[in-house]
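To keep things clear, I will list the structure first and then write my remarks on it.
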Amino acid sequence: MSMTTNILVLLGSLRAGSVNRRAVEHVRDHAPEGVQLTIADGLGDLPFYDADLDTDTPPATVAALREAVAAADRVLVVTPEFNGTMPAVVNNAIDWLSRPFGAGALRGKPLAVAGASFGRYGGVWAHDDVRRSASVAGAQVLEDVKVSVRPEGEDPALDPALIGAVTEAVRTLAAFDEAAAAA
């Protein structure tokens, strides 16, 4: 009996042809054996976090995202850097996933961050911000997974350095041993 590790991907770029989306789609389509990557839909449709909306019946888009994260074994955030930090869509998703306080969908969920950005540092600042925010939200952040690539080449989304780094992040995330980490 083979086990499949289900990894939900939160994408920081909403653009259909973004480098990060295309790179993740490539890795998804060539995922390591035993790994299933699913890209979360609708991050751009989430309302900005508002405690007045966060009731027993939150907006449908919020409920769907929370359910998807709860059902996933792991979470991978793949994002570019916007103005030196994470895109608002990622920050907003983390806000929704951190609630209710102490019991949000990210609580204890293994999470890694990866991505590409054309800035000088390949998204390092954004990725550091995502790791910090997700950690505060209760995720079990894999601090040793650091994938911040400045893509190059004729088709930056298929830059071998980017594809290789994201694939390795997926392997590391899938192989993460929660019990050993807790010990």
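Per my numbering, residue 76 is the first one in the sequence shown, and the count goes up by one each step.
Just so it is clear, CB atoms sit at the ideal spot from N, CA and C, and this is done for glycine as well.
Because the structure is a prediction, the values reported are computed rather than measured.
- In this structure, the straight-line span from the alpha carbon of T160 to that of D204 is close to 7 Å.
- If you look at A187, you'll find it in the beta strand (DSSP E) that goes 185-191.
- In this structure the segment 107-123 does not touch the segment 174-190; the number of beta carbon pairs closer than 8 Å is below three.
- Here H202 is buried, its C-beta having at least 16 other C-beta atoms within 10 Å.
- G228 counts as exposed, since fewer than 16 other beta carbons sit within 10 angstroms of its beta carbon.
- If you draw a straight line from the Cα of A209 to the Cα of P235, it comes to about 28 Å.
- Assigned with DSSP and collapsed to three states, E142 falls in helix.
- Closest in alpha carbon position to T154, among V84, A146, A139, is V84.
- In terms of Cβ geometry, G198 and E156 form a close pair [threshold 8 Å].
- About 6 Å separates the beta carbon of L248 from that of L217, a gap short enough to meet the 8 Å contact definition.
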